[in-house]
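So the structure is just underneath, and the comments pick up after that.
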Amino acid sequence: MMSYVDEVIERVIKENPSEPEFHQAVREVLNSLRPVVAENEAAFRRDAVLERLVNPERQIKFRVPWIDDAGQVHVNTGYRVQFSSAIGPYKGGLRLHPSVNLGIIKFLGFEQIFKNSLTGLPIGGGKGGSDFDPKGKSDREVMAFCQSFMSELCKYIGADTDIPAGDIGTGAREIGYMFGEYKKLRGLFEGVLTGKGLSYGGSLARTEATGYGLLYIVEEMLKCHGHDIAGKTVTVSGAGNVAIYAIEKAGQLGAKAVTCSDSDGWVYDPDGIDVQALKEIKEKNRQRLTEYRKYRPQSEYREGRGVWSVPCDIALPCATQNELTAEDAKTLIANGVIAVAEGANMPATSEAAALLQANGVLYLPGKASNAGGVATSGLEMSQNSERLHWSFDEVDAQLRTIMVDLYHHIDDAAKRYGREGNYVDGANIAGFEKVFDAMSMQGIV
Ligand code: NDP
Ligand code: 2IT
Numbered sequence: 001m002m003s004y005v006d007e008v009i010e011r012v013i014k015e016n017p018s019e020p021e022f023h024q025a026v027r028e029v030l031n032s033l034r035p036v037v038a039e040n041e042a043a044f045r046r047d048a049v050l051e052r053l054v055n056p057e058r059q060i061k062f063r064v065p066w067i068d069d070a071g072q073v074h075v076n077t078g079y080r081v082q083f084s085s086a087i088g089p090y091k092g093g094l095r096l097h098p099s100v101n102l103g104i105i106k107f108l109g110f111e112q113i114f115k116n117s118l119t120g121l122p123i124g125g126g127k128g129g130s131d132f133d134p135k136g137k138s139d140r141e142v143m144a145f146c147q148s149f150m151s152e153l154c155k156y157i158g159a160d161t162d163i164p165a166g167d168i169g170t171g172a173r174e175i176g177y178m179f180g181e182y183k184k185l186r187g188l189f190e191g192v193l194t195g196k197g198l199s200y201g202g203s204l205a206r207t208e209a210t211g212y213g214l215l216y217i218v219e220e221m222l223k224c225h226g227h228d229i230a231g232k233t234v235t236v237s238g239a240g241n242v243a244i245y246a247i248e249k250a251g252q253l254g255a256k257a258v259t260c261s262d263s264d265g266w267v268y269d270p271d272g273i274d275v276q277a278l279k280e281i282k283e284k285n286r287q288r289l290t291e292y293r294k295y296r297p298q299s300e301y302r303e304g305r306g307v308w309s310v311p312c313d314i315a316l317p318c319a320t321q322n323e324l325t326a327e328d329a330k331t332l333i334a335n336g337v338i339a340v341a342e343g344a345n346m347p348a349t350s351e352a353a354a355l356l357q358a359n360g361v362l363y364l365p366g367k368a369s370n371a372g373g374v375a376t377s378g379l380e381m382s383q384n385s386e387r388l389h390w391s392f393d394e395v396d397a398q399l400r401t402i403m404v405d406l407y408h409h410i411d412d413a414a415k416r417y418g419r420e421g422n423y424v425d426g427a428n429i430a431g432f433e434k435v436f437d438a439m440s441m442q443g444i445v
């Protein structure tokens, strides 16, 4: 007889044929869970534990019409996948990118279940977004889109039911417009979104949290393996929220980040990326990375991809899914990389991840290493609930503690199942255990 895990993987593929990213995420998690399921396969099968895990509680798809500055009407598709409320209200970002489709949102929502569990905070898993492309749009066009998007989404979310946040293409500007529209339509000033501006309920350190958290967990992992992060050369992909603050914290910890990238090209700055210049280009002016050489004439700009060809000790993919291929992994290994930690969600292909692990590279999957963002969103929710706000140092200290604890939690889980050093298995098992416990106690719902 086929194993229960294989049976469920096969069904997921058959029932969701055009969702390759979702298959990839499910396969990775369920493969890790094999030893957990094997301990009690008959009960798992009887209770359809895995079917309940891989089927979202609810998925919402809606029309988003909006009017551009020239008077032309556009129609985009909006999504919110409310995947699991086992341990808390749905929580997860909103991605605005032309590549968005249901399968992408489902893979992200599925990952979010385990990530949120690993933070130790009471937050369930969800994700949403749209195939809208904010690039090249005026502020008014972005506002028109965000208002239309929220006019439908507001029916399904709330501070105690589902709390969206940022992701690719959704930053402070978009969250502001969405919050304003939610407040107007629902008549509620509540913590329904995280990543809010500081003047209306946002948390200090949320902007920095994903990148900072990534470096905190890398620092701890390296320390536990006898390495010091100070003095290390770091390569980073992406030039958005996660990448910028990963580069910043790497510098603060005495390491040197020498690359960044956007979807057109990449920068190599052997003296270390100038993070102030990067912020001005990307956060303030919303320009392309071609501008970087104006600030740093000694740096190099190349079109296309190529960040992973630069020799480094630590590689931090912070752009998007499947951006680090098997070929890239081979290059990194040949160049002596010590650690690869994911700032993005699922940036390594399955083949790349397997190669890194087989060659003794310390490899942290995104659901562990980028959990600092959503963890700090959880801290923003706490501050909103008590109608207070905490200092930067208070939030940052909690973030650091969460990331250090998270590392030991996944390390311990891997050891318990004889998979020492396999942080993919450790993260999937540890993330699952809390969710499973909650599901077991709440009955078949
Ligand atoms: P941003 O929109 O701020 O930045 C994304 C960056 O990645 C940009 O430089 C963008 O380049 C590049 N990029 C995006 N898509 C592609 C693509 N298809 N091909 C090449 N480059 C691409 O997003 P974030 O920094 O917030 O998110 C980056 C990753 O981190 C995502 O995987 C996200 O899910 C994950 N993440 C984000 C968290 C957060 O708190 N923001 C928390 C945890 C994970 P360009 O501008 O040219 O498109
Ligand atoms: O992928 C992620 O964890 C995020 N985009 C952040 C989600 C959140 O709710 O802060």
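First residue of the sequence shown? That's 1 in this note's numbering, and the numbers climb one at a time after it.
C-beta: ideal position from N, C-alpha, C; glycine also.
In this text the structure is predicted, and so the values were computed from the model without any measurement.
Per the DSSP secondary-structure output, Tyr212 pairs with nothing in a beta bridge. Inside the stretch 234–271, DSSP marks whole alpha helix (DSSP H) runs of 4 or more residues at positions 241–252, from first to last along the chain. Relative to the ligand 2IT, even the nearest heavy atom lies 8 Å or more away from the CB of Asp162.
Nearest to Tyr363 by alpha-carbon distance, out of Gln24, Ser350 and Glu433, is Ser350.
In this model, Ser85 and Ala239 are separated by some 32 Å (Cα to Cα). By a beta-carbon distance limit of 8 Å, Arg206 contacts Gly195. Their separation comes to about 6 Å. Counting C-beta atoms within 10 angstroms of its own C-beta, Gln72 has fewer than 16 neighbours from the protein chains shown and is therefore classed as exposed. In this structure, DSSP gives Thr194 a state outside helix and strand, which the three-state scheme calls coil. DSSP places His74 in the strand class (E or B) of the three-state scheme. Exclusion of the five residues before and after Val29 leaves Asn428 as the residues of its chain whose Cβ lies within less than 6 Å of its Cβ.
Judged by DSSP in its simplified three-state form, Ala159 adopts coil rather than helix or strand.
CA-to-CA, the gap between Ser440 and Glu342 works out to about 31 Å. In the DSSP assignment, the residues bridged to Ser84 are Gly125.
Only residues of its own chain outside the window of five on either side were considered, and among them Val258 have a CB closer than 7 Å to the CB of Pro270, listed in chain order. By the Cβ neighbour-count rule, Phe44 is buried, with 16 or more other Cβ atoms within 10 Å of its own. Comparing C-alpha distances from Phe189 to each of Gly109, Cys154 and Leu53 shows the shortest one belongs to Cys154. Straight-line measurement puts the Cα of Glu57 at about 18 Å from the Cα of Ile13. In this structure, Ile273 lies near Val236, with their beta-carbon atoms less than 9 Å apart. Take the alpha-carbon of Leu406 and the one of Asp131: they are about 33 Å apart.
Here Thr376 is buried, its C-beta having at least 16 other C-beta atoms within 10 Å.
The closest heavy atom of the ligand 2IT lies 8 Å or more from the beta carbon of Gln383. Between Leu193 and Ile113, the C-beta gap is not smaller than 9 Å, which leaves the two residues out of contact. In this structure, the beta-carbon distance from Gln321 to Pro297 does not fall below 9 Å. Within the same chain, Cβ atoms closer than 7 Å to the Cβ of Gly169 are found at Arg95, Leu96, His97 and Pro134, the five residues on either side in sequence being excluded. Beta-carbon to beta-carbon, Ala430 and Ile410 are separated by about 5 Å, close enough to satisfy the 8 Å threshold. With a cutoff of 8 Å, Gln112 counts as near the ligand 2IT, since its C-beta is closer than that to a heavy atom of the ligand. Collapsing the DSSP output to three states places Tyr79 in a strand. DSSP lists Val75 as the bridge partner or partners of Pro65. In summary, Ile444 is exposed, with fewer than 16 beta-carbon neighbours lying within 10 Å of its beta-carbon over all protein chains present. Restricted to the stretch 312–357, the alpha helix (DSSP H) segments that are unbroken, complete and at least 4 residues in length are 326–334, listed in chain order. Listed in chain order, the non-local C-beta contacts of Gly88 below 8 Å within the same chain comprise Asn116, Leu121, Pro122, Ile123 and Gly124, local neighbours out to five positions each way being set aside. Nearest neighbour of Lys127 by Cα position, chosen from Gly78, Trp390 and Leu198, turns out to be Gly78.
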